[in-house]
Every structure is written in structure tokens, then in C-alpha cells.
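Residue numbers (the numbering used here): 568 to 794.
Idealized CB from N, CA, C, for every residue including glycine.
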Amino acid sequence: MKVTAIILAAGNGSRMKSNIKKQYILLAGKPILWHTINAFENSAVDDIVLVTGKDDIELCEEIVQASHFKKVSKIVTGGDERYESVYNGLKCVIDTDIVLIHDGARPFVTEEIISRNIIAAQSDGACVTGVSVKDTIKIADEDNNVHHTPDRNTVWSVQTPQSFVYDLIKNAYDKMFDTGVFDVTDDAMVVEKYTDHKVRIIQGDYSNIKITTPDDLIVGENFLKNF
Ligand code: CTP
Ligand code: MG
């Protein structure tokens, strides 16, 4: 059984408001993306497809070569939207049974989370990493009045990796691109919309944050001090 990780690093990081793209900002002296690749290099995945911007291929090659990451088999160009980057990655994967799709901007993913994803994708076909929400969640109407309050035990905050049997996710993405409607915000939604397959939620970690805004860098530095 072959397991491939697709690591996404083709975004512009606009919410970070930094002059360098957020995935290349240093945390504890290494680019955020380095930490992410390192986690997968030291995990049970067999290979890694890295998706990046067309101007950053060389930079990614340098990061990979400098640290002798052996599992990165391909570095490919992404698209303007995350779903395009994922699709480009999926099209470059060869002979794989399971794919883990992961945000390059989530550097604190652990070996345990990766292993849980592989096991669940093998047994159930499709899974997402998630944590139960700590706050009460309200669903609002168009006037920002509370419409209803879902039972907190049923509400999850979803992270990546999101992991699938390759044919299932590739066929679902093919269908979405055929229809040309792209109203999805994660990979699981593509499976939810375009297949009948169930998506299982598996346990993530509250520290598996996506570095999105400048305050996340402070949180991230603190995590690394305590690692
Ligand atoms: N991503 C990607 N291709 C895109 C957009 C996003 O590969 N066209 C990647 C990002 O590099 C990131 C992950 O998907 O690792 C999650 O996206 P997000 O946190 O939204 O990153 P950005 O889109 O770069 O940031 P922003 O939305 O603030 O511009
Ligand atoms: Mg984005």
C-alpha cells in the first residue's frame, strides 16, 4: 500500500500582511514549510508531492535539498485557488492508494495525527482531522440574529490532513471540475458533494493550528519553545 502526502504551499498568505509569503516565514530559525515537510518526512507516508507557486519552485527545491528530505518526489505548480492547487497535486500523484492533503501552513502536525489519518483512510475511505469546539457555536440569520444553537457535542473544528482513498478523491475532484461550480471550503466537502461516501472525523490536536495572521506566529514560536 502506497501513501502520498500532498502538501499545499501555493497560497499568497494575504491575511498575514507580510512581505514574504507566510509559508516561508521563519519559526525557530526554519521556514514554516520546512517544519511541515519535516513532520511528513518523519512519518509513515511513502512520498510527498509539494505544491507551490510557479515563482517559488526553486526556493522549495533549496529547502528540500538543504535538509536532504528524501520523501519529496515532486514539486509542482499550484493555482490561484486552493482547490486548483489540490487538483494539480492530485493529477501528479502516481500509483498511490491513499492521499493525505495537508496545508503547508500547518507546521505542528504530528506523527500520531498522520498515522491516525492513514489508518482511518484505509479502513473508512475518507477522513478529516478535527477537534471538538471549546466555544458554543451560534448559527446566525442574514441580520446577524441567532437562528439556532447546535448541540456543541456535534460541532467540530476541522483541520488538515484530510485523507482519502486516491480514486475516491480524484473522481470527486474530476466531477467538481466537470460541473465548474467550486463552492467548497475543504477537501472533504468535495467528497460530501460529489459522492455518497461518508467522511469520518478523527482526533486532531489543538496545537495543529494553521498559521494565518500575525498573532499565530507568536503562538507558533511558543509551541516550538515547549516542543
Ligand atoms: N494554498 C495553495 N494554493 C492556493 C491557496 C492556498 O496551495 N491557491 C495553500 C496555502 O499555501 C496554505 C493552505 O493552502 O498552506 C491553506 O490556505 P490559507 O491558510 O488560506 O493560505 P493562503 O491562501 O496563502 O492565505 P490567505 O487566505 O490569507 O491569502
Ligand atoms: Mg487562502
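- Annotated as proximal: residue 655 and residue 618, with beta-carbon spacing under 8 Å.
- With a cut-off of 7 Å, the C-beta of residue 578 is classified as near the ligand MG, since at least one heavy atom of the ligand falls inside that distance.
- Pairwise C-beta distances place the region 650-670 out of contact with the region 703-716, as fewer than three of them are shorter than 8 Å.
- In its chain, beyond the 5 residues on either side, 724, 771, 773 have a beta carbon closer than 6 Å to the beta carbon of residue 698.
- Of all alpha-carbon atoms in 719, 714, 681, the one lying nearest the alpha-carbon of residue 614 is that of 681.
- The Cβ atoms of residue 616 and residue 573 sit closer than 8 Å to each other.
- A residue is called buried when at least 16 other Cβ atoms come within 10 angstroms of its Cβ; residue 792 does not meet this threshold and is exposed.
- Separation of residue 765 and residue 693 (C-alpha to C-alpha, rounded to the nearest whole angstrom) is 7 Å.
- DSSP places residue 675 outside both helix and strand once states are collapsed to three, so it counts as coil.
- In terms of side-chain proximity, the C-beta atom of residue 649 is found nearer than 7 Å to a non-hydrogen atom of the ligand MG.
- Using a 10 angstroms sphere on the CB of residue 781, the tally of other CB atoms stays under 16, which defines it as exposed.
- For residue 742, the secondary structure class from DSSP, reduced to helix, strand or coil, is helix.
- Excluding the 5 residues flanking it on each side, residue 628 has same chain C-beta neighbours closer than 7 Å at 642, in chain order.
- A direct Cα-to-Cα measurement between residue 740 and residue 634 gives close to 33 Å.
- In the structure shown, residue 606 falls within a helical segment according to DSSP collapsed to helix, strand and coil.
- Within the DSSP secondary-structure output, residue 669 pairs in a beta bridge with 574.
- The residues 767, in chain order, have a CB closer than 6 Å to that of residue 691 in the same chain once the five nearest residues on each side in sequence are set aside.
- Our two residues, residue 603 and residue 687, have alpha carbons roughly 21 Å apart in a direct line.
- The beta carbon of residue 758 lies closer than 6 Å to those of 693, 739, 764, 766 in the same chain, with the five residues before and after it left out.
- In the structure shown, the three-state DSSP call for residue 728 is strand.
- Taking a C-beta distance under 8 Å as the contact criterion, residue 777 and residue 673 qualify as a contact pair.
- Take residue 624, set aside five residues on each side of it, and the residues of its chain with a beta-carbon closer than 6 Å to its own are 642, in chain order.
- Assignment of residue 597 by DSSP, reduced to helix, strand and coil, places it in the strand class.
- Around the beta carbon of residue 786, a 10 Å sphere encloses fewer than 16 other beta carbons of the protein chains shown; the residue is thus reported as exposed.
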